[in-house]
Structure formats: structure tokens, C-alpha cells
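Engineer:
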Amino acid sequence: MDAIDCDVHVAPASYDALFPYLSEYWRQYITEAGIRLNGVAHAYPRGVAPAAPSSYDELASGVLDRAPAPRAVVLNCVTGFETHRNPYFAAAVASALNDWMLSEFLARDERLRASLIVSTVSTDDAVSEIERVGEDPRFVQVLLPVRTDLPWGHKSNHAMFAAAGSAGLQVGLHAWGRAGKAATPSGFTTTYLEDYLGNQPIAQAQVLSFVSEGVFERFPDLRVIVSECGFAWLAPLLWRFDKDWKGVWREVPWVKRRPSEYVREHFRFTTAPAHLPAEPAALDQLLEMLDGPDQLVYSSDYPHVHGDGLPALLDRLSGEQRRDVLWATAATLYRLDERA
Amino acid sequence: MSSWVEKRSAVVAETTRSVELVDCDVHAQATEAMLAGYLSSQARRMLERYGRRTPRVTEWYPRARHAGMRVDAWPGKPGHIWGSDPELTREQLLDEFDVDYAVLEVLSGQDCYDHPDFAAEWNAAVNDWQLDEWLSFDPRFRGTIAVPHEYPDLAVEEIERRAADERFVAVLMPASAADQLGSPKYWPIYEAATAFGRPVAFHTGGYVDHRGAGYPSFYLDYHVGNGIVMQSQLANMVAGGMFDAIPGLRVVLTECGVAWAAALRWSLDAAWELMREDHPRLERKPSEYIDEHVWFTTQPIEEPEHPQHLVYAISQARLESRLLFATDYPHWDFDSPKQALPRALGPELRRAIMCENALALYGLPRERTR
Amino acid sequence: MRVVVAPLRSFPSGERRIVEVGGRSIGVFRVGESFYGIRNRCPHQGGPLCLGHLLGDAVADGPGRAEVLRDPLRIACPWHGWEYDLDSGQSFMGTVAPGVRSYGVSLSPGESVIEDAVARPASAGRRVPGPYVAETFEVNVEDEYVVLHA
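Chains as they are written, first to last, in this note's numbering: chain A, 1 to 340; chain B, 341 to 710; chain C, 711 to 860.
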């Protein structure tokens, strides 16, 4: 696809691939404890998708060498999302993953960019990692999982957003992650279908948090790219958010504008999954409700499969709008021209 | 002579009226003291000495506008709180807005994770209180059967106890419980409700757990989150197969908004295509189950800047015959029957929402005597 | 119509009266030495506006740094909380838009201007106006009586 692909997955095949980037202590820890990647309640079970490319060659044959070739690709590695709660291990794995991506992928192809992986259990460690490698222009955003202990807007995370801003990084808020007993309001999910769809309500709750906690008042340049969580749910959420804010704004008087204004300015959404109606009239309505496609940025989410709702939506757009969704919005968002 | 006969006839005759407004979510709220009166002495002692064990979520997320209530709904009578006085509710709601039927959802029994004996008594108390204070006070009130949902056997017993009284029109469940609402654990409750011809109303609230993104900081997030929570629960209800297992089951998603339904339907259908073997119980497209089994109350109705967009959202989700008007009296975000629904809906859809859909769902008489 | 609401001496600051005039319910408020009259009907959904709480604006210059201004007070509808200026009837949404802080300036004889480093909060007048405007009425004091012109 002649586009900037904002969500393509890579992942080491095993911890062995990370060994060159880990200390002897951690190599021994992994070996002694028998730690494996891809645990039991995995985001991408075998029946759902093939493993993400674990080498440049696999990525090339799967994505980069396909015609028409992509203009640029943002690599997401979600391996660290299911890392254990040991904060020191989490930090070590995050660094190792970033070093692995730099050497295995980013050094080999000018078209490649990546999300910077950080610890999800320590803000200090996240800040350290951003300071260590975040200035490298090939990292375009800090990768955060939608499932987490506290919503990301919480004040305990603000130092990380400050560091991201200083390093010129956006935030990539990506599906999955690890959460409490169950990532639901009640109890465990019993089907993959629910787990898969669960990213959508969870992403919605995260959107609320960024706004209500005043993240964009403190960091007005920050943009958050919600990845692999859909977007068709956005408009009704904003209607509700604005309405409720009008009644209880006093609880959050630092939210100085309508919540929907913050969301329209600061959030973007990748297009995969595009779970949409097929009828052109319904698609036109959806676009009207979204106030146009300005917030959408193309993604394939390779190698994950979500159906093909996107072409019908692109068909409803003007040439310029299509261009924006496919690459122009992302080019501006990630400052690709400036930072190259 | 004839004029005397006419006058006398006028005094004796009752007027009948065609129903025009059914309010499907009204909160009668009992104080602890009011319910304690129905408890056994042992249960009452336990309550007095040790209190309830389930935290009240409004203490974590204080309702930042008027403590969650309309300021003018405070009865000012000793021992009474918002929503506890049927006289004030009749005046401020039924008479003020010409409500034909008001369905009471008494939330005092929900979130009862206490000992099963207590949970059973507590919910029985809620239902007895409804009967004594409300359903016999004004013929326009209807009730919903509160049940100890974490103990399904006891819940079924409570349903059986109340089912003969037609004034109980539904069985009441929360929007969050110990397990997902679609869990087979709760199916006996849904089966009993269906066997007695009652829909199950899932009302926003209940102890809401981690949610995946973690606990929000503010009531604002929590309140907006009520719609998000129900998305998650509806996905679970469909995916878990309860609509296949209980073919006659009807559910009313209450006080969670309506406009989010279309996007969830599209996602459920898309995911079902992709993941067929994952869910052996799910025989048909998810949206078909929603078409057949699910209703929504309107409050708090979403208010897009362009009212036409609400019409889009309703038609995209095929909700025209599934929306039930509700005020949510006496909460602060109460929807006024006169002004809450936008004109853009048009008179036919409006009429369906204000009464037709509820009359059909609850089997209420179309004419009532005054 | 001139309506005598109450003798001035029995209408202290902070109190309100609700009067019926020609089929309309109107709230009369005293705030300090000023009097206001506003229709007891919220333009949003018809709630009894004048039964609501009188609130000063809440403002914050950052997350968690909130304060309440004393002046002006606005009446918040007892239902959905829409807030109205008693004087103009203008509704407002949310809080103060980002505004200019004011700094006190003091002069000492023979010296140049010294800036007082204490910043005052952004001006209260910068709230974002909402779509509703409540009907307001003139209220004044005549011969020690509070008089509503409705």
C-alpha cells in the first residue's frame, strides 16, 4: 500500500533474540525461571494470526517488498506488554527490545520508524529509557498498552509525558496489555472474541482519562495515537463526555474546553480494525458524526487480520481526504520530513 | 329532571385515557431504616452492629453535582431522602409530567455481597417496601423484582414469590456483579424471569471493577464510563451464548445511554466472522441476537451538537422499536419528558419511544382509568 | 409591573425570595448591596432555577490546583447544574478559558516601577458562554423596600 503504515508488528521469536542486549544477571534469571514469551492468555493466539516478523527479512517479505511499497512504517513491538511485574526486569526487557529493534530493523531501512518501549510499571524507568534512546529520530512515539493498572492520564504518569515531549515523541496507545484480575467491569472473559473486542471499551476509558486529568493542558503539543482499538465508537463517546462534563466540570476545573475539543485536537486513530457498516449511506453518516476523517491514520496491523472494512470507507472520501488518511496526516503527526 | 340525571352521571363516571407516556426508570430509594423494618431481628441486629460489607461506589466517586440528585427533590420530611417519598414523586413526576406508568428501579438491594441469608432478606425487604409504599399508593407505579443476584437459587425463590403480582414488570439486575453478567452462573435468574414473562432490566451501577484501564480518578470518568461498562457487558452477554440458551429472554439495558450500540454491533459481527470456532454456543450473527433480545432506556440520552446525528445512531443500531423513555427521577441528570428528546426524531419515533415500545414490552394496558 | 418583594431590613444579603408575578415565577436575590431578579425556569429543560445553589467560579491553572472565586456568584440550576449570571442571565459552560494573569504594580517615590510578584488568578469574566440565557429582571430599592420590575 502506498501509505504510511502506522501499525506493523514485530516481535522476537524468543528471549534468545534479546540475550545480546541483556546483562548476564537477566539471562540467568530468564533461564533459571523458565520464562517464555507469549503467555497463556495471549493477545494473539495461533489460531488468530501468524507470529509477528522476528527478523528484517520476514518483515521485508511480508510488508516492505510488497508492491506498492509503503512510504514509511511504524513498528510496534508489544512483547513487553506481558512482561512480569518485577520492575527491574520490566526496565531491562524494555531496553533490550529497543536495542533489538534498532539493530535488527531500524538500522537497515530508512523507511522504518518505531514505538519506543518503556516499562509499564515504573514512571521513573520509563523516563530513563526515553532519555536513553528517545532522541533517536527513528523513534516516533512512546508505546503504552491500553490495559494497565491506572488510566494513563493519572498524575503519576505526567513525568513520562514531559520526557516524551522533550524528546519529540508522541504517545502510541496500543491494544492489549496486562490488567488486574480481569480487564472487564466484572469477572473473567470466557471467549477470545470478548477479549479481542475488550480493547475498544478500554481505549474509550483511556481517552477520558487523558482529558479529565488535564494531560493536554500540561502538554499541549502531545498527540496520542490510539492503535488497533478501532474508531467507530468515537462520536457517541464524545457526545456523552461533553454532556456529563457540562454538569460536573467543577470536579475538573483544569479542563478548560469541551472534552470533545481536546479529543479532536490531540487524538488520532489507526484504521485497523475498521469494523464498519458496508452501506455507503451509513459510512457517510459515520464520517459526518466523526466530523470527517482527519483523525484517522492508515494502518495494516500486519500480521493481524480484522476484516476489510476500510476500502469501503476510503471510497467515500475525496482524493485529498484519502491522501490524508493514507499518509499526509501521519507524516505531519510524526514529523517524518523534519526528523529524517 | 334530566339535568339532575346528567349531573349525577358526570360525578360517577371515570375518565379513561389513552396512555401516552411510560417512564421506564424511576428511582424510589429506601433508607436503611425503612428496609430494616422488614428484617428479622437477627438480621437487623447484624446490620446495626456491623453495617453492610460492600463498599458504596458513591463514596469512591462522590457525585460531584448536587450529590447526584435534583436539589428540589429533597422531601424535607423527617426520615425521608430523595426518592423515598411517594407523595413527592407523584407530585414532581407523575402529575407534573402526566406520566401514565412509572417503572420503579429500587437499587438498594443491588451490590449485596453480604451473607446469603442477609442478601435474601434485604432484597425481599426492597420488594415488600415497593408493594407497601409505592405500588399500593398509586396505580401508575410499577415495580421491578430486586434479587440477591450473587446467590441465584435464592434469587429464583424471590422471583417465584413475587411473580403472581402483575405490578412487578421486570427482574432487576445491576450492570456489574461478581462475574460477567452473561455468565452461566446468573442464567437461572434469567430463566426464571423469562418463565414468568418478565424482562430482565440491567441497571447501571453496582460494584464496577478494574475495567482494564484501571480505576479512574473522577466521577466524570466514572459517569461517562457507565456507557462503556455496558458495552463490555453486552459483548459478554452475546458472546457467552445466553440468548441461545434462553430463547425467550428479553433484556433492558438501563441508564447507560443508547448511541454506542451501532459501533458495538458492527464490531461484534466482524469479530464473529473472524473467530467462529471460538464460541461454540453462538449460532447466529451477534447483531441478530441484539435485534431480538435487547431494549434500551433512553436516559441519559446523548446530545450531539447536531440532533440529526442521534437519529443516525438510532437507525444504524435499529433501535426504533427498542428505545424506552426514562427520566431517571430524582437524579441530577434527569431527562425531562417535555424537553429531553430532540425534535429531529420526528413524531412517530417519538411516540414509539415515549410509550409504544414500553407498552409492548411490559404488556401494560393501553387505556387507564383516572 | 412593580412588585414589592419585602422590606429592605428583612432581606439580608445572601437571601432570596421567590415571587409569582403574572403567572411567572421569579427569584429575587440579594448579594451584598446588589439585587437581582431572574426567571425561576432554566432554559435548558425547565428546572426551577432559583432553587439552586449560588456558586463562585472554580478555576485552576493546572491539574489539581483549583480554587473558588468569591465573585461573581452564579446560580446553578438544581437539576443539571447549568450556571447563570444573575445580572445578565447568561449561561456558562466549564471554567475560565486560559487568560492573562494580572500582576500588581507598585511605585516607590524616586524609584522605578517595581512589579509585585504576586500573580492574581485569571479574570473571572472569561468563562465560555453557553447556549442558554435566562430571563432577568430589574430589582431596586425604593423607600426601604425591595422592588421587582417584571
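For glycine and all other residues, C-beta sits at the position ideal for the given N, C-alpha and C.
Can you pull the chain B neighbours of residue 788(C), defined as C-beta to C-beta under 7 Å?
Structural biologist: Neighbours of residue 788(C) on chain B, chain order: 406, 410, 411, 412.
Engineer: Of all Cβ atoms in chain A, is any one closer than 9 Å to the Cβ of residue 780(C)?
Structural biologist: With 9 Å as the cut-off, residue 780(C) does not count as an interface residue toward chain A.
Engineer: From the DSSP output, which residues share a beta bridge with residue 141(A)?
Structural biologist: Looking at the DSSP assignment, residue 141(A) forms a beta bridge with 115(A), 170(A).
Engineer: Between the segment 90-100 of chain A and the segment 159-169 of chain A, do three or more beta carbon pairs fall short of 8 Å?
Structural biologist: With the cut-off at 8 Å, the segment 90-100 of chain A and the segment 159-169 of chain A do not touch.
Engineer: Looking at the C-beta of residue 503(B), does it have a partner C-beta in chain A at a distance below 9 Å?
Structural biologist: No, no contact with chain A.
Engineer: Restricting to runs no shorter than 4 residues, where is the alpha helix (DSSP H) found entirely within the segment 633-682 of chain B?
Structural biologist: With a minimum length of 4 residues, the continuous alpha helix (DSSP H) runs that stay inside the segment 633-682 of chain B are 647-656.
Engineer: Quick check on the DSSP output: what are the complete beta strand (DSSP E) runs of length 3 or more inside the segment 249-331 of chain A, in order along the chain?
Structural biologist: If we require 3 residues or more, the beta strand (DSSP E) runs fully inside the segment 249-331 of chain A come out as 267-270.
Engineer: Is residue 593(B) closer than 9 Å to residue 651(B) when the C-beta atoms are compared?
Structural biologist: No.
Engineer: By the 10 Å Cβ neighbour count, where 16 or more other Cβ atoms means buried, how is residue 394(B) classified, buried or exposed?
Structural biologist: Classification of residue 394(B): exposed, given that the 10 Å Cβ count is below 16.
Engineer: Select from 505(B), 500(B), 453(B), 552(B) the residue whose C-alpha is nearest the C-alpha of residue 529(B).
Structural biologist: Checked all of 505(B), 500(B), 453(B), 552(B); the closest Cα to residue 529(B) is 500(B).
Engineer: Can you say whether residue 227(A) is buried or exposed, counting buried as having 16 or more other CB atoms within 10 angstroms of its CB?
Structural biologist: With 16 or more other Cβ atoms within 10 Å, it is buried.
Engineer: Quick check: what's the CA-CA separation for residue 261(A) versus residue 237(A)?
Structural biologist: Going by the C-alpha atoms only, they are around 13 Å apart.
Engineer: If you count every other CB in all the chains shown that lies within 10 Å of the CB of residue 678(B), and 16 or more means buried, which is it?
Structural biologist: Exposed: under 16 other Cβ atoms inside 10 Å.
Engineer: CB-CB under 8 Å to residue 307(A), same chain, minus the five flanking residues each way: which ones, in chain order?
Structural biologist: These residues qualify, in order along the chain: 273, 274, 275.
Engineer: Residue 712(B) touches chain C at which residues, Cβ-Cβ below 9 Å?
Structural biologist: Here chain B has residues from 341 to 710 only, and residue 712(B) is not among them.
Engineer: Compare the C-beta of residue 775(C) with all C-beta atoms of chain A and state if any pair is closer than 9 Å.
Structural biologist: Yes, residue 775(C) counts as interfacial toward chain A.
Engineer: Which runs of the alpha helix (DSSP H) spanning at least 4 residues fall entirely within the segment 481-518 of chain B, listed in chain order?
Structural biologist: You should have 492-502.
Engineer: By the 10 Å Cβ neighbour count, where 16 or more other Cβ atoms means buried, how is residue 179(A) classified, buried or exposed?
Structural biologist: When all chains shown are included, residue 179(A) counts as buried.
Engineer: Distance check for residue 175(A) and residue 254(A), CA to CA, integer angstroms please.
Structural biologist: Straight-line Cα distance between these residues: approximately 28 Å.
Engineer: Could you tell me if residue 828(C) is buried or exposed, where buried requires 16 or more neighbouring beta carbons within 10 angstroms of its beta carbon?
Structural biologist: With a pLDDT of 40 at residue 828(C), under the threshold of 50, the modelled position of this residue cannot be trusted, and the question is left open.
Engineer: To the nearest angstrom, how far is it from the Cα of residue 382(B) to the Cα of residue 461(B)?
Structural biologist: Near 11 Å, if we compare the C-alpha coordinates of residue 461(B) and residue 382(B).
Engineer: Taking residue 719(C) as the reference, give the member of 859(C), 860(C), 855(C) with the closest Cα.
Structural biologist: For the residues 859(C), 860(C), 855(C), the minimum Cα distance to residue 719(C) belongs to 855(C).
Engineer: According to DSSP, residue 594(B) sits in a beta bridge with which residue or residues?
Structural biologist: DSSP lists 543(B) as partners of residue 594(B).
Engineer: Within 10 angstroms of its Cβ, does residue 356(B) collect 16 or more other Cβ (buried), or is it exposed?
Structural biologist: Exposed, because fewer than 16 other Cβ atoms sit within 10 Å of the Cβ of residue 356(B).
Engineer: Leaving out five residues before and five after residue 106(A) in sequence, what residues of the same chain have Cβ atoms less than 7 Å from its Cβ?
Structural biologist: Contacts found: 112, 114, 138.
Engineer: Measuring only from the beta carbon, is residue 659(B) closer than 8 Å to any heavy atom that is part of the ligand COA?
Structural biologist: This structure does not include the ligand COA; it has no bound ligands of any sort.
Engineer: Have a look at 846(C), 845(C), 837(C), 851(C) and flag the residue whose alpha-carbon is nearest the alpha-carbon of residue 246(A).
Structural biologist: Nearest option by C-alpha distance: 837(C).
Engineer: For residue 5(A), which residues does DSSP report across the bridge?
Structural biologist: Partner(s): 73(A).
Engineer: What is the rounded straight-line gap between the Cα of residue 326(A) and the Cα of residue 4(A)?
Structural biologist: In a straight line, the C-alpha of residue 326(A) is about 6 Å away from that of residue 4(A).
Engineer: Pick out the complete alpha helix (DSSP H) segments inside the segment 431-471 of chain B, 4 residues or longer, and give them in chain order.
Structural biologist: As far as the segment 431-471 of chain B is concerned, its whole alpha helix (DSSP H) runs of at least 4 residues are 456-469.
Engineer: Can you tell which of 420(B), 427(B), 702(B), 672(B) has its C-alpha closest to the C-alpha of residue 664(B)?
Structural biologist: That would be 702(B), whose Cα lies nearest to the Cα of residue 664(B).
Engineer: At which residues does the alpha helix (DSSP H) containing residue 198(A) begin and terminate?
Structural biologist: 192-212 is the extent of the alpha helix (DSSP H) around residue 198(A).
Engineer: Say whether the segment 840-859 of chain C touches the segment 738-752 of chain C, bearing in mind that this needs 3 or more beta-carbon pairs closer than 8 Å, one atom from each stretch.
Structural biologist: In short, these stretches touch, since the Cβ pair count reaches three.
Engineer: Could you check what DSSP says for residue 808(C) in three-state terms: helix, strand or coil?
Structural biologist: The predicted position of residue 808(C) is uncertain, since its pLDDT is 47 and thus under 50; no value can be drawn from it.
Engineer: Taking Cβ positions only, does residue 844(C) come closer than 9 Å to chain A?
Structural biologist: No, no contact with chain A.
Engineer: From the beta carbon of residue 573(B), is the nearest beta carbon of chain C less than 9 Å away?
Structural biologist: For residue 573(B), the answer is no, since every Cβ of chain C falls outside 9 Å of its Cβ.
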